[in-house]
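Undergrad: In the order they appear, the protein sequences are chains A and B. The numbering of the first sequence is numbering that gives the first Met the number 0, which starts it at 0 and goes up by one. The numbering of the second sequence is numbering that gives the first Met the number 0, which starts it at 0 and goes up by one.
Number of protein chains: 2
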Amino acid sequence: MRVVVLRLGHRPERDKRITTHVGLVSRAFGAREMLMDGRDPSVEESLADVVERWGGSFRLRSNVSWRGEAASWKEAGGKVVHLTMYGSRLSDIINDIKSHDCIMVVVGAEKVPAEIYQLADWNVAIGNQPHSEVAALAVFLDRLMEGQELVNNFEGGLEIIPSVRGKNVVGHRKDHP
Amino acid sequence: MRVVVLRLGHRPERDKRITTHVGLVSRAFGAREMLMDGRDPSVEESLADVVERWGGSFRLRSNVSWRGEAASWKEAGGKVVHLTMYGSRLSDIINDIKSHDCIMVVVGAEKVPAEIYQLADWNVAIGNQPHSEVAALAVFLDRLMEGQELVNNFEGGLEIIPSVRGKNVVGHRKDHP
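Take a look at the structure:
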């Protein structure tokens with residue numbers, strides 16, 4: 000399955016850490032890249048730093064045209080899921096979504112353009128209460144990938160050995176075969 | 000099941016929105032209250048505002064002694080789960096945790112006191128990659144409650160009717176039986 004995340008409406012003055020968390024969740028839960036309709040060097044640096052240390056090939060593309068990206072995605076046969084507290088219940092539509100291979104997940108900040116609701120193949124609510132786009136994305140990807148994302152390996156980075164107490168981190172040399 | 004969330008190490012200058020999201024996730028995913036070892040009026044206001052509009056009885060208690068709260072919780076028979084990327088795999092221990100009724104979930108900011116690792120009954124990793132305490136809490140509570148938290152009703156607040164497209168919000172009068 001190929002998953003990308005489209006982050007809309009980032010406001011540099013207040014969303015730096017939330018958008019960084021959206022990016023880190025995207026990477027850790029198996030998305031290949033995150034697209035942003037704006038640009039924030041502090042988000043770019045934080046995500047690049049994690050990829051450098053922890054491995055894998057996740058990337059961030061800033062300043063994209065979201066309409067263009069969503070349109071090309073759909074033209075190529077991909078599906079678009081918009082996460083919103085107003086949407087359909089996750090449990091009602093997750094099996095339908097799982098039957099597709101290429102999923103773009105749209106995650107808005109406080110307000111998104113109304114046309115997103117029309118453009119999306121599914122508007123999906125992770126519960127119908129206000130909470131967090133970081134949480135919504137994580138639970139959606141966890142359900143989509145049935146927990147398999149949590150045992151992903153990321154090539155070329157540090158690795159944590161799960162531990163009952165304390166911290167056990169193993170370093171991998173980047174040039175190791 | 001009774002769940003409370005203990006938020007440690009909040010830094011007012013940078014964690015306002017992340018801690019607010021931790022609180023909103025706690026409420027939306029079925030925790031009864033969030034405890035904080037510090038205080039931040041802006042977090043208090045944001046959470047009180049959501050409870051006022053969206054209902055339920057979730058509350059925030061600030062300036063608690065975290066050692067005292069954890070100790071009383073355990074003395075009363077409750078269990079303590081510390082979410083950390085260094086911990087045991089979620090899938091390995093979730094069934095064990097589910098066999099208990101009273102769970103305190105500890106969610107740290109960037110660094111937590113080392114003694115938390117000893118005090119916790121379980122140190123649990125939601126994947127062993129860096130991502131977000133907001134995401135970790137949401138996925139943990141979703142797995143703990145097996146998705147039932149997403150259909151929770153909150154008495155006395157606005158209610159969203161899940162919708163394929165658009166927004167459908169119903170107001171409830173607080174004095175309605």
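Quick reminder that beta carbons are idealized off the backbone N, C-alpha and C, glycines included. Computed from a predicted structure; not experimentally measured.
1) Counting only Cβ pairs nearer than 7 Å, list the residues of chain A close to residue 153(B).
2) When you compare each of 121(A), 170(A) and 144(A) to residue 163(B) by their alpha carbons, which one comes out closest?
3) Could you please tell me which residues of the region 51-76 of chain B, in chain order, have their CB closer than 8 Å to any CB of chain A?
4) Do you know offhand how far residue 9(B)'s Cα is from residue 18(B)'s?
5) Could you name the residues of the region 116-127 of chain B whose beta carbon sits closer than 9 Å to any beta carbon of chain A, in the order they occur along the chain?
6) Roughly how many angstroms separate the alpha carbons of residue 168(B) and residue 155(A), rounded to a whole number?
7) I want to verify the contact list: residues of chain B whose CB lies under 9 Å from the CB of residue 87(A), in sequence order.
8) Taking 8 Å as the threshold (beta carbon to beta carbon), is residue 166(A) in contact with chain B?
9) Given a limit of 7 Å on CB to CB distance, which residues of the region 80-111 of chain B reach chain A?
10) Got a sec? Which residues, its chain only, sit under 6 Å from residue 170(A) by beta carbon, not counting five neighbours each side?
11) From the DSSP secondary-structure annotation, give me the bridge partner or partners of residue 102(A).
12) Mind checking which residues open and close the beta strand (DSSP E) that includes residue 150(A)?
13) Can you tell me whether DSSP reads residue 87(A) as helix, strand or coil?
14) Which residues mark the beginning and the end of the alpha helix (DSSP H) in which residue 137(B) is found?
15) Going by DSSP, which residues form a beta bridge with residue 127(A)?
16) Between the C-alpha atoms of residue 5(A) and residue 16(B), what's the straight-line distance to the nearest angstrom?
17) In chain A, which residues lie with their C-beta within 9 Å of the C-beta of residue 42(B)?
18) Under 8 Å by Cβ, that's how I've got residue 127(B) and residue 161(A) pegged, so tell me the actual separation to the nearest angstrom.
19) Is it buried or exposed for residue 39(A), if we count other Cβ within 10 angstroms and need 16 for buried?
20) Tell me the rounded alpha-carbon separation between residue 44(B) and residue 112(B).
21) Cβ of residue 2(B) less than 8 Å from any chain A Cβ?
22) How far does the alpha helix (DSSP H) with residue 46(A) in it extend, from its first residue to its last?
23) Using alpha carbons as the reference points, say which of 20(B), 3(B) and 69(B) lies closest to residue 49(B).
24) So what does DSSP say about residue 31(A), is it helix, strand or coil?
25) Note the first and the last residue of the continuous beta strand (DSSP E) segment covering residue 59(B).
26) Can you check whether the C-beta of residue 23(B) is within less than 8 Å of a C-beta belonging to chain A?
27) Specify the secondary structure class of residue 109(A) as computed by DSSP and reduced to three states.
28) Taking its Cβ as the centre, do 16 or more other Cβ atoms sit within 10 Å of residue 142(B), making it buried, or is it exposed?
29) Which residues of chain B have a Cβ atom closer than 8 Å to the Cβ of residue 45(A), listed in chain order?
30) Do residue 103(A) and residue 72(A) come within 8 Å of each other at the CB atom, strictly closer than that value?
31) At a CB-CB cut-off below 7 Å, which residues of chain A make contact with residue 169(B)?
32) Identify every residue that forms a DSSP beta bridge with residue 159(A).
33) Are residue 82(A) and residue 106(A) closer than 8 Å when you measure CB to CB?
34) Are residue 165(A) and residue 116(B) close, meaning C-beta to C-beta below 8 Å?
35) Alpha carbons only, please: which of 101(A), 76(A) and 123(A) is nearest the one belonging to residue 178(A)?
36) Take the Cβ of residue 13(A) as the centre, count every other Cβ of all protein chains shown within 10 Å, and call the residue buried at 16 or more, exposed below.
TA: Taking the coordinates as given:
1) Position 154 of the second sequence, counted from the first residue, corresponds to residue 153(B). Neighbours of residue 153(B) on chain A, chain order: 128.
2) Here residue 163(B) refers to the residue found at position 164 of the second sequence. That would be 121(A), whose Cα lies nearest to the Cα of residue 163(B).
3) Only 53 from the region 51-76 of chain B bring a Cβ to less than 8 Å from some Cβ of chain A.
4) The residue given as residue 9(B) occupies position 10 in the second sequence. The residue given as residue 18(B) occupies position 19 in the second sequence. The alpha-carbon of residue 9(B) is positioned some 7 Å away from that of residue 18(B).
5) Going along the region 116-127 of chain B in chain order, one finds 116, 117, 119, 121, 122, 124, 125, 126 and 127 with a Cβ nearer than 9 Å to chain A.
6) As a first step, residue 168(B) is located in the second sequence; it is residue number 169 there, counting from the start. As a first step, residue 155(A) is located in the first sequence; it is residue number 156 there, counting from the start. In a straight line, the C-alpha of residue 168(B) is about 48 Å away from that of residue 155(A).
7) The sequence position of residue 87(A) within the first sequence is 88, counting from 1. Chain order gives the chain B residues near residue 87(A) as 161, 162 and 163, where near means a beta carbon separation below 9 Å.
8) The residue labelled residue 166(A) in the question sits at position 167 within the first sequence. The C-beta of residue 166(A) comes closer than 8 Å to at least one C-beta of chain B.
9) Cβ contacts with chain A come from 84, 85, 86, 87, 88, 89 and 90.
10) Within the first sequence, the letter at position 171 stands for residue 170(A). Taken in chain order, the residues that qualify are 157.
11) As a first step, residue 102(A) must be located in the first sequence, where it is residue number 103. In the DSSP output, where bridge partners are listed per residue, residue 102(A) has 2(A) and 78(A).
12) In the first sequence, the residue the question calls residue 150(A) occupies position 151. According to the DSSP assignment, residue 150(A) belongs to no beta strand (DSSP E), since it is labelled neither H nor E.
13) The sequence position of residue 87(A) within the first sequence is 88, counting from 1. The answer is strand: DSSP assigns residue 87(A) an E or B state.
14) Counting from 1 along the second sequence, the entry for residue 137(B) is found at position 138. Per DSSP, residue 137(B) belongs to the alpha helix (DSSP H) from 132-143.
15) For this step, residue 127(A) is matched to residue 128 along the first sequence. Bridge partners of residue 127(A) according to DSSP: none are assigned.
16) Here residue 5(A) corresponds to residue number 6 of the first sequence, with the count starting at 1. Here residue 16(B) corresponds to residue number 17 of the second sequence, with the count starting at 1. If you draw a straight line from the Cα of residue 5(A) to the Cα of residue 16(B), it is about 21 Å long.
17) Working through the second sequence from its first residue, we reach residue 42(B) at position 43. In chain A, no part has a C-beta under 9 Å from the C-beta of residue 42(B); the shortest such distance is about 13 Å.
18) As a position in the second sequence, residue 127(B) is number 128, starting the count at 1. As a position in the first sequence, residue 161(A) is number 162, starting the count at 1. Right, their Cβ atoms sit about 6 Å apart.
19) By one-based count along the first sequence, residue 39(A) stands at place 40. Burial call: buried.
20) For the purposes of this step, residue 44(B) is identified with residue 45 of the second sequence, where counting begins at 1. For the purposes of this step, residue 112(B) is identified with residue 113 of the second sequence, where counting begins at 1. Roughly 27 Å between the two C-alpha positions.
21) The count along the second sequence starts at 1 and reaches residue 2(B) at position 3. Among the residues facing chain A, residue 2(B) is not included, as its CB has no counterpart in that chain under 8 Å away.
22) To locate residue 46(A), count along the first sequence from 1; it is residue 47. Here the alpha helix (DSSP H) through residue 46(A) covers 40-53.
23) Indexing the second sequence from 1 puts residue 49(B) at position 50. It is 20(B).
24) For the purposes of this step, residue 31(A) is taken as the residue at position 32 of the first sequence. Looking at residue 31(A) - three-state DSSP - the assignment turns out to be coil, as it is neither helix nor strand.
25) Within the second sequence, the letter at position 60 stands for residue 59(B). Where residue 59(B) is concerned, the enclosing beta strand (DSSP E) starts and stops at 58-60.
26) Position 24 of the second sequence holds residue 23(B). Interface residue, yes.
27) Stepping through the first sequence from its first residue, residue 109(A) is reached at position 110. In the structure shown, residue 109(A) falls within a coil segment according to DSSP collapsed to helix, strand and coil.
28) Looking up residue 142(B) in the second sequence gives position 143. In this structure residue 142(B) is buried. Its beta-carbon is surrounded by 16 or more other beta-carbon atoms within 10 angstroms.
29) Here residue 45(A) refers to the residue found at position 46 when the first sequence is read from its first residue. Taking a Cβ-Cβ cut-off of 8 Å, residue 45(A) has no neighbours in chain B, whose nearest Cβ is about 10 Å from it.
30) Taking the first residue of the first sequence as 1, we reach residue 72(A) at position 73. Taking the first residue of the first sequence as 1, we reach residue 103(A) at position 104. Contact: yes.
31) On the second sequence, position 170 is the one that residue 169(B) refers to. By Cβ distance, chain A contributes nothing, its closest Cβ being about 11 Å from residue 169(B), past 7 Å.
32) In the first sequence, residue 159(A) corresponds to position 160, counting from 1. By DSSP's assignment, residue 159(A) forms a beta bridge with 168(A).
33) The residue you call residue 82(A) lines up with position 83 of the first sequence. The residue you call residue 106(A) lines up with position 107 of the first sequence. Residue 82(A) places its beta carbon less than 8 Å from that of residue 106(A).
34) Working through the first sequence from its first residue, we reach residue 165(A) at position 166. Working through the second sequence from its first residue, we reach residue 116(B) at position 117. The answer is yes: Cβ separation under 8 Å.
35) In the structure as shown, chain A starts at 0 and stops at 176, and residue 178(A) therefore has no counterpart that could be examined.
36) Sequence index remark: in the first sequence, residue 13(A) carries index 14 (1-based). Around the beta-carbon of residue 13(A), fewer than 16 other beta-carbon atoms lie within 10 Å, marking it exposed.
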